[in-house]
Structure formats: structure tokens, C-alpha cells
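Worksheet: the structure to be examined is printed underneath.
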DNA sequence: CCTTGCATCTCACGTTACGTTAGATGATAG
DNA sequence: CTATCATCTAACGTAACGTGAGATGCAAGG
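Protein chains in written order, with this note's numbering: chain X, 51 to 318; chain V, 51 to 318.
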């Protein structure tokens with residue numbers, strides 16, 4: 051009894067892959083259909099269909115053709131196959147996590163765009179940039195911040211994050227607008243106060259003074275200076291703020307003035 | 051005041067990308083750092099860092115460099131950017147779904163391997179193959195099966211699916227062993243009964259007779275023949291069962307005999 | 001002054017899994 | 001006998017770089 055056999059195109063339509071793909075798999079040593087000696091034409095039979103099924107299956111699991119070749123040779127699968135599957139699983143999980151982070155970022159971005167009617171792309175991208183390094187930032191912050199404050203930040207929902215980002219967008223826009231004004235202008239004072247109040251709320255503190263106590267260590271202690279500096283340096287590398295040198299300098303001066311006045315007020 | 055500037059390697063280490071990547075982005079028109087006219091050496095400044103940040107951000111969101119190029123030109127992001135994000139979101143979700151299916155398949159496969167100590171790869175791969183087309187199969191089955199039966203199948207948990215697969219693995223192994231035996235051998239009868247009992251349980255039926263009533267339509271009605279045939283044909287295309295022609299023929303005969311005896315027994 | 005080392009430059013090929021022509025050959029139908 | 005069709009091989013194109021290879025320029029050391 052003759053076994054049923056197919057030409058390339060028949061086999062291709064039947065299995066749903068392209069002719070070129072069949073050629074390619076053969077080229078790579080993954081399949082060996084019969085060849086008509088004179089014409090060179092290929093004929094595919096049931097065994098070839100089984101082979102192709104195996105290949106497609108492993109491709110579906112995310113394996114590369116080279117890997118697949120190793121495993122479809124042996125009829126009996128050894129234990130190594132299980133390990134291979136586990137490794138593949140790990141890779142896929144990584145990919146999945148990256149995708150999930152990207153999806154969350156997109157969600158937050160769309161939200162930002164929805165709130166503002168026209169967006170400065172520099173500001174937007176800087177926020178996006180920070181979203182990406184968020185995880186890393188939290189890792190760095192963990193050993194240095196008070197447990198409860200850190201947890202509060204870490205566990206904040208997507209909604210809270212979106213609120214923060216929108217606030218930052220507004221804040222930075224304002225900074226760019228008022229940069230250069232005298233630092234004791236009431237408008238400036240109000241702006242800074244807004245930021246600090248937001249921070250106090252975000253971190254779950256009672257008052258502005260507590261801001262200094264969000265760290266595990268006393269930041270005024272001489273011996274901790276090295277650690278603090280290290281932390282700030284790493285943080286600075288990750289956090290990208292879209293201000294010019296001038297704007298940055300101005301902002302620092304404004305903060306300086308703000309603290310001084312606050313201290314004086316307290317002393318009175 | 052001179053703006054701080056970096057060489058390629060400085061800029062590369064600073065930003066964490068490779069020198070080659072910087073060259074490549076320039077080649078593709080994504081960046082234009084200053085060039086020393088005589089030596090051709092590049093110098094990167096803060097603006098270039100911003101540019102690179104934008105590129106990295108969009109890459110993180112899964113965009114291709116070509117797409118990125120279009121969007122980093124304009125300073126003001128238009129509304130089209132939001133749509134673009136939405137499209138990207140859709141793509142990412144598709145990718146994610148594929149990965150999730152692959153992960154589930156791996157989980158189920160590892161489970162199968164754990165149960166058996168040595169596995170025939172043909173059998174294993176055929177089961178994997180079916181896992182892949184599972185969704186499609188359910189789609190095809192939906193219009194033709196009774197709502198409650200279909201839901202029961204569709205909602206079955208991963209654990210249930212794994213049980214089914216393990217059963218099928220055993221069943222097929224047994225079929226291959228006893229294929230060729232006389233169809234009225236008690237061992238054969240037992241085997242078939244096992245399968246049918248499993249099916250009855252799986253589908254939530256009361257007895258074997260109900261098996262004929264899992265479809266919405268009466269399969270014995272002449273006018274439904276076309277529909278049934280269509281369904282069976284599509285199903286056959288998707289379901290891949292690793293039996294030889296002989297084994298398949300034998301199995302069909304065995305089932306024929308089984309039904310006949312069952313009918314006779316009923317009549318008595 | 002010459003040599004060495006180093007950073008940088010510009011090609012240009014390798015990678016993955018095919019898609020896509022282009023030109024050659026063989027069999028079949030009219 | 002010719003037009004058509006299926007198939008063949010060969011070879012380039014894709015995306016985002018990695019990885020040399022060979023050329024150039026500059027500073028330091030002998």
C-alpha cells in the first residue's frame with residue numbers, strides 16, 4: 051500500500067506554513083523530505099507532518115530553531131528537556147514582566163495626555179523616563195528610608211502614581227514659568243509650599259518638619275555623610291529632571307530661601 | 051560659559067548604551083551629535099542625552115526605531131501620539147497573551163513529564179499540539195454544543211486540563227499496546243469503557259447514553275448532516291492524534307464493536 | 001624624532017526566521 | 001510545438017545592533 055504523499059504547495063496549504071518556510075527548515079536540517087532524484091522536487095508524507103508539528107509546537111513555546119533541532123532528534127525525551135522547559139519558562143516570564151511594565155507606562159502616559167490638552171514632549175518624556183527606573187529607584191531607597199514610608203511609596207496604586215505624575219507635570223511647568231523671578235516672590239513661595247504639602251501627604255507625614263525624618267539614619271550625623279552622598283548620587287543618575295542649569299540653580303536658591311524663612315518664622 | 055561635553059565612550063558609559071548603538075542611531079538619523087571637522091570624532095552634550103532618553107523610553111514601550119524617528123522630531127506632541135500609544139498597547143497585549151498561553155502550556159507539559167518517568171515524544175508533542183489549538187477548537191465547538199456542556203469545558207481549570215492530558219497520554223499508550231488484538235477482548239472493552247466514563251464525568255453527564263445529547267442539534271437528523279460533517283472536518287484538521295492508519299482503523303472497529311454490544315445489552 | 005598605545009573613525013559581515021524576487025528547469029495541456 | 005504551471009536554486013532584504021578589521025590622530029616615553 052502506497053503511503054499518501056504531498057507536494058510542497060499541497061503540504062504548505064495543508065499545514066498552514068509557507069513553502070519558503072519548509073525549504074528553510076530543510077536547509078537548517080530540521081526536516082528531510084524525500085526528493086525526486088531527477089527533478090529535485092520534494093514529497094512530504096505523514097512523518098514529515100509529525101516533524102513539522104513538533105517544530106511548530108516548540109516555536110510556539112518560544113524556542114529558536116537551533117534549540118529545536120537539538121530536541122527533535124531524539125525519540126525519547128530525557129530529563130534535560132524538563133530543565134530546558136523551565137529555562138524557557140523563566141525567559142518568557144521576563145518578557146512578560148517587561149511587557150506588563152510597558153503596558154502600565156502606556157496607561158499612565160495616556161492618562162497624562164488626557165488631562166492636559168497640549169503637552170511639552172520634554173516634560174512628558176522625562177516623566178516616562180522616571181517611570182522606567184521606578185523599580186530601581188525603590189531598590190536603592192529601600193535600605194535608607196524608614197520602613198513605613200518606603201512601603202507606603204512602594205504600595206501606592208497606579209491611580210496614586212498617575213496623580214503624582216500629573217502634579218509633577220504641573221509643578222515643572224510652573225517652575226519653568228517663574229524661574230528667574232525673585233525667590234521671595236509670594237508666587238514662588240506658594241509653589242514650593244504646594245510641592246512640600248503634596249510630599250507630606252504622599253509620604254503620610256504629620257507636618258513639614260517630619261520630612262527630615264523619613265530616613266532610617268540621621269542625615270545630619272557626620273558619619274552618615276558618605277552613605278547619604280552615595281544614595282543621592284545614584285538617585286541623581288536615575289532621576290532625570292528636564293530643567294536647564296539656570297532653572298536648576300534658581301530652584302535650589304528658591305528652596306534655600308524658603309527654608310531660611312521657615313526657620314526664622316519658627317524661631318519667632 | 052562652555053557647555054559640558056563628552057566623548058562617545060564617556061557618553062556611552064554614562065548613559066549605559068554601547069558606542070555602536072550611538073553610531074547606529076546617528077546612522078539612522080535619530081541623533082546628530084557635533085562632529086570635530088578634522089578628526090570626525092563626536093561630542094555629546096546635554097541635548098543629546100535628552101534625545102537618547104526619549105529614544106530609550108520609546109524603545110521601552112516597544113516601538114521600532116523607524117516609528118521613534120517620526121515622533122521625536124516634533125516638540126509638541128499632537129493627538130496622534132495618543133492613538134499611537136493605544137495601538138502599541140494593543141500589540142503588547144497580543145504579545146502578552148501569546149506568552150501567557152505558552153507559559154500555561156509549559157506548566158502543563160512539565161506536569162505531564164513529572165507524572166511519567168519516560169515519555170514518548172510523539173505522544174507528548176501531539177498533546178502539546180492540541181493545547182495550542184485548544185482555543186480555536188472551543189470556538190468551533192461553541193455553536194454546535196449545548197451551552198452548559200460547552201461552558202463546563204471552557205471553564206475547566208488548568209488542573210482539570212492536566213488531568214485530562216495525563217489520561218489521554220495513558221489511553222493512547224494503551225491503544226498502541228493493544229492495537230491489533232481482537233476487538234472483543236475484555237482488555238479492549240475495559241479500555242474503551244474507561245475513556246467513555248472519563249468523558250461522561252468530564253462533561254458532567256449522568257450516563258453514557260447522554261453522550262449523544264451534548265450537541266445543540268440532533269445529530270441523527272438528516273438535515274443536520276452537512277453541519278455535523280463540516281464541524282468534524284474542521285475539528286479533525288486541528289486535532290492531531292499520533293496513531294498510524296492501522297491503529298486508527300483498529301480503534302474505529304473496536305468502538306464499532308463496543309457500541310453494538312452495548313446496544314444488544316440494552317435490548318435484552 | 002620615532003615608536004607605542006589608545007581612542008576613535010569607517011566599512012562591512014554575522015545574527016534570526018523567514019519574505020521576496022529572479023532566472024532555470026521539467027512536466028503538462030492545448 | 002508552445003504556453004503555462006509548479007517547482008527548483010540562489011541571493012538579497014529585514015531590525016537592531018555585535019564584532020572585528022584596518023585607517024587615522026594624538027599624547028607619552030625612549
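Backbone N, C-alpha and C fix where the C-beta goes; we use that ideal spot for every residue, glycine too.
Could you tell me whether the region 270-278 of chain X touches the region 295-302 of chain X, using the rule of 3 or more Cβ pairs below 8 Å?
-> Flag = no, the region 270-278 of chain X and the region 295-302 of chain X do not touch.
Going along chain V, which residues have a C-beta under 7 Å from residue 179(X)?
-> The contacting residues are 103 and 107.
Under 8 Å Cβ to Cβ from residue 75(X), same chain only, skipping five residues before and after it: list those, please.
-> Only 81, 102, 105 and 115 meet the Cβ criterion.
Rounded Cβ spacing between residue 178(X) and residue 159(X) (contact assumed at less than 8 Å) = With a contact defined as Cβ atoms closer than 8 Å, residue 178(X) and residue 159(X) qualify at about 6 Å.
Tell whether a beta-carbon distance below 8 Å holds between residue 196(V) and residue 265(V).
-> Contact: yes.
For residue 138(V) and residue 113(V), the rounded distance between their alpha carbons = Taking the CA atoms as reference points, residue 113(V) sits about 7 Å from residue 138(V).
Starting from the beta carbon of residue 175(X), find every residue of chain V whose beta carbon is closer than 7 Å, and list them in chain order.
-> Near residue 175(X) (Cβ distances below 7 Å), the residues of chain V are 103, 104 and 107.
Please say whether residue 107(V) and residue 296(X) have beta carbons closer to each other than 8 Å?
-> In this structure, residue 107(V) does not lie closer than 8 Å to residue 296(X) by Cβ.
Kindly say whether residue 83(V), judged by its beta-carbon, lies nearer than 8 Å to any beta-carbon of chain X.
-> Not closer than 8 Å to any Cβ of chain X, the Cβ of residue 83(V) fails to qualify, so no.
So, helix, strand or coil for residue 269(V), using DSSP?
-> Under the three-state reduction of DSSP, residue 269(V) is assigned to coil, being neither helix nor strand.
CB contact check: residue 88(X) to chain V, cutoff 8 Å = For residue 88(X), no Cβ of chain V is located within less than 8 Å of the residue's own Cβ.
Check whether residue 255(X) and residue 261(X) have beta carbons under 8 Å apart | In this structure, residue 255(X) sits near residue 261(X), with a CB-CB distance shorter than 8 Å.
Who pairs with residue 56(X) in a beta bridge, going by DSSP?
-> Answer by DSSP bridge pairing, in chain order: 94(X).
Which residues bound the alpha helix (DSSP H) around residue 133(X)?
-> Counted as a single uninterrupted DSSP element, the alpha helix (DSSP H) harbouring residue 133(X) occupies residues 130-165.
Please list the residues of the region 150-161 of chain V that have a C-beta atom closer than 9 Å to any C-beta atom in chain X, keeping them in chain order.
-> Result list: 150, 151, 152, 153, 155, 156, 157, 159 and 160.
Inter-residue spacing [alpha-carbon to alpha-carbon] between residue 245(V) and residue 168(V) = Straight-line Cα distance between these residues: approximately 22 Å.
Would the region 92-99 of chain V and the region 52-64 of chain V be scored as touching if the rule is three or more Cβ pairs under 8 Å?
-> With the cut-off at 8 Å, the region 92-99 of chain V and the region 52-64 of chain V touch.
Tell me the start and end of each unbroken alpha helix (DSSP H) in the region 220-257 of chain X that is at least 4 residues and wholly inside, in chain order.
-> Segments of the alpha helix (DSSP H) lying fully in the region 220-257 of chain X: 236-253.
Counting contacts by CB-CB distance shorter than 8 Å, is residue 56(V) in contact with chain X?
-> False, the Cβ-Cβ gap to chain X never drops below 8 Å.
Best match in 65(X), 73(X) and 136(X) for proximity to residue 99(X) [C-alpha to C-alpha] | Residue 99(X) has its Cα closest to that of 65(X), out of 65(X), 73(X) and 136(X).
Going along chain X in order, which residues have a C-beta closer than 8 Å to the C-beta of residue 116(V)?
-> Simply none; closest approach about 18 Å.
Is there a Cβ from chain V that is less than 8 Å from the Cβ of residue 278(X)?
-> By this cut-off, residue 278(X) is not an interface position.
Beta-ladder partner(s) of residue 186(V), from DSSP | Paired residue(s): none; residue 186(V) is not in a bridge.
Is residue 210(V) buried or exposed, if buried means 16 or more other CB atoms sit within 10 Å of its CB?
-> The residue in question, residue 210(V), is exposed, as its Cβ has fewer than 16 Cβ neighbours within 10 Å.
From 166(V), 259(V), 202(V) and 201(V), pick the residue whose C-alpha is nearest to that of residue 216(V); which is it?
-> In terms of Cα proximity to residue 216(V), the closest of 166(V), 259(V), 202(V) and 201(V) is 166(V).
Thinking C-beta only, is residue 267(V) closer than 8 Å to residue 194(V)?
-> In this structure, residue 267(V) lies closer than 8 Å to residue 194(V) by Cβ.
Starting from residue 145(X), find everything on chain V with Cβ-Cβ shorter than 7 Å and list it in chain order.
-> Per Cβ cutoff of 7 Å: 149.
If we ignore side chains and look at the alpha-carbon of each, how far apart do residue 234(X) and residue 308(X) end up?
-> Going from the Cα of residue 234(X) to the Cα of residue 308(X) covers about 8 Å.
Buried versus exposed, by CB contacts within 10 Å (16 or more), residue 238(X) = Buried, by the Cβ-count rule.
Grouping DSSP H, G and I as helix and E and B as strand, with all else coil, what is residue 81(V)?
-> Of the three classes helix, strand and coil, the one that applies to residue 81(V) here is coil, per DSSP.
Hey, out of 306(X), 151(X) and 111(X), whose CA is closest to residue 232(X)'s CA?
-> For residue 232(X), the closest alpha carbon among the candidates 306(X), 151(X) and 111(X) is that of 306(X).
Near-chain X residues of the region 129-142 of chain V - C-beta to any C-beta below 9 Å = Legend: CB atoms of the region 129-142 of chain V lying less than 9 Å from CB atoms of chain X belong to residues 129, 131, 132, 135, 136, 138, 139 and 142.
Whose CA, out of 205(X), 269(X) and 128(X), lies closest to the CA of residue 171(V)?
-> Of the listed residues, the one whose Cα sits closest to residue 171(V) is 128(X).
Top-ranked residue by Cα proximity to residue 53(V), from 63(V), 241(V), 130(V) and 84(V) = With distances taken between Cα atoms, residue 53(V) lies closest to 84(V).
Chain-ordered residues of the region 276-310 of chain V with a beta carbon less than 9 Å from chain X | Identification of residues in the region 276-310 of chain V having a C-beta nearer than 9 Å to some C-beta of chain X yields 287, 290, 292, 294 and 295, given in sequence order.
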